[in-house]
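Heads up, the thing below is written out as structure tokens.
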Amino acid sequence: AMIRALEAGDTKTVTENLANVLESVTLRLYPEVGALKNLLLRSGAEAVLMSGSGPTVFGLVPDATAAKSVAGRVRREFPAGFVRVVRTWAGSSRKTGVEGE
4 AMIRALEAGD
14 TKTVTENLAN
24 VLESVTLRLY
34 PEVGALKNLL
44 LRSGAEAVLM
54 SGSGPTVFGL
64 VPDATAAKSV
74 AGRVRREFPA
84 GFVRVVRTWA
94 GSSRKTGVEG
104 E
């Protein structure tokens, strides 16, 4: 379902199906990860998830303007963090990727 949603640009289905089974363990051990997730959501991210076993947390936003706004707030509140705005795209498996800013 996730691959079809990505290929179709169906962001609603993508955000509804984000999951990471390792997140619950990490959140208990490192409450700052939960604080960062909450900050991203309060700042306008539509969905937030920890990547793998951490320490990366990402948020999905509707457009570049929202991304820059969310990133600015995270940079102010977590100045020691590494914050990047990226643009993703989906298509066939050979055409997927990420662009950084």
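All residue numbers for the sequence shown refer to our numbering, where the first residue is 4 and numbers rise by one. Where a beta carbon is used, it is the ideal one built from N, C-alpha and C, also for glycine. Bear in mind the structure is a predicted one, so any value in this text is a computation, not a measurement.
Taking only three categories from DSSP, how would you classify residue i?
i	result
Leu21	coil
Arg78	helix
Arg90	strand
Gly62	strand
Ala48	coil
Roughly how many angstroms separate the alpha carbons of residue i and residue j, rounded to a whole number?
i	j	result
Ala74	Gly84	11 Å
Lys71	Val88	7 Å
Gly62	Val77	11 Å
Ala48	Thr91	15 Å
Glu35	Ala4	31 Å
Val86	Asn41	15 Å
Ala22	Ala67	24 Å
Phe81	Val24	25 Å
Does the beta-carbon distance from residue i to residue j come in below 7 Å?
i	j	result
Met53	Glu10	no
Gly55	Thr29	no
Measure the beta-carbon distance from residue i to residue j and round it to whole angstroms, keeping in mind my assumption that it falls under 8 Å.
i	j	result
Ala38	Asn20	Contact doesn't hold; Cβ gap of about 24 Å is too wide.
Thr18	Ala50	4 Å
Leu43	Val60	7 Å
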